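Each remark here refers to the structure printed beneath this line.
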Amino acid sequence: VKLVNLFELFSSPKFLYSGENAHRHLALLLEVFNNIIQYQFSGNQHLIYAIIRRKDSFGRLASLTLPKAVAQCNKVYGDQTTTTYDADAEAANDIVSTTDFDEGGNPIDPSQQSSPRYSGADASTAVSGVTSVGGVTNASSVVGDHFVPTEEWLAEFKASLPLETVSRLLQNLVPVVDEMCERKSGGVVDEAEILDMLQDVTMVGLLPVPHAIVIRKYQPNEYTSLWFTAFMWGVIFLRNQSPIPMFDGDAIELFQVNVAR
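Okay, so the sequence shown: first residue is 264 according to our numbering, each after it adds one.
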């Protein structure tokens, strides 16, 4: 179930459009789902049921189009192509450049100045922040600096996500679960009944040809090391608290401990 929650996080627009390669996390997680569905279907009915309940999340990825992707991206991060008038920058330019002073701190008459205090691109960057494009200076700025989906990105996105196995699973099991709900009065089915049904169902002949198992080498990093350390000591803590507690839960700082009072 936590894997499916992680999938929803990775497929959310805020994460998916955070960078050009953010979708690779989804591809790796889908490989995990495919391995479980193809080779360890029996005994993992909780994961299968969680996938069925989140069928809309998988459907949105499978039916994603470029207009939808751009709209979702702009909704989360704002429209990058929107240009707004920067009145503050122009006001700052006026304030800084109206009066100049000599070394003694006396005001200098602008009519006696032989040259402006700043010129060219320096005036844009050092004084007012006004941008200059193609020799034309203006007081506008482009809002937003984030990744924008393109046709090339969408093609790579579609090609890299192995959704066929999960899609075939949903095509066969969602109607079965819906039928169970229709047979019950009120359309309410106990979760245990659905899990029992999923435990007995078989997907032999309904799924695509099993893919080759992909072996990936573990690459250590500080985040996984911290997770493994916290997990290991969490197991040690739990297994040594009964019948006589070995550790003081209030003194643990590596992970959170809820001490029953």
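Glycine included, each C-beta is placed from N, C-alpha and C at the ideal position. All of these numbers come straight from a predicted model, not from anything done at the bench.
Beta-carbon contacts of residue i that lie in its chain and below 8 angstroms, excluding the five residues immediately before and after
i	result
Cys336	Pro276, Tyr280, His409, Phe410, Val411, Pro412
Val472	none
Ser274	Leu289, Ser320, Arg323, Leu324
Ile299	Asn307, Leu310
Thr492	Leu517
Val264	His309, Leu310, Ala313
Gly449	none
Whole-Å CB distance - residue i paired with residue j, under 8 angstroms assumed
i	j	result
Asn435	Met466	7 angstroms
Ile457	Val440	6 angstroms
Leu232	Val295	Since the first and last residues shown for the chain are 264 and 524, residue 232 lies out of range.
Ala332	Leu417	6 angstroms
Run of the alpha helix (DSSP H) containing residue i, from where it starts to where it stops
i	result
Asn526	As displayed, the chain neither begins before 264 nor continues past 524, which places residue 526 out of reach and without an answer.
Ala493	485-502
Leu293	286-302
Ala475	Premise fails: Ala475 is in no alpha helix (DSSP H) and is neither H nor E.
Thr438	The sequence given here has Pro at residue 438, not Thr. Note, Pro438: alpha helix (DSSP H), 427-446.
Residues near residue i in its chain [Cβ-Cβ closer than 6 angstroms; skip 5 each side]
i	result
Leu426	Ala325
Ser301	Here residue 301 turns out to be Gln, not Ser, going by the sequence shown. Cβ neighbours of Gln301 beyond the five flanking positions: Pro473.
Gly282	Phe410
Where residue i falls: helix, strand or coil (DSSP)
i	result
Leu517	coil
Thr413	coil
Gly468	coil
Asp453	coil
Asp511	coil
Arg323	helix
Pro276	helix
Arg316	helix
Gln482	coil
Ser305	coil
Ser505	coil
Ile267	Contrary to the premise, residue 267 reads as Val rather than Ile in this sequence. Helix at Val267.
Leu458	helix
Short Cβ contact (8 angstroms threshold) for residue i with residue j
i	j	result
Phe500	Phe510	yes
Trp496	Leu469	no
Leu329	Glu415	no
Leu461	Ile311	yes
Val437	Ile515	no
Leu433	Lys318	yes
Val429	Leu327	no
Val452	Met443	yes
Arg287	Ser423	yes
Contacts around residue i, its chain only, beta-carbon distance under 7 angstroms, and the 5 residues preceding and following it disregarded
i	result
Ala285	Phe278, Leu279
Lys447	none
Pro508	none
Arg431	Leu469, Leu470, Pro471
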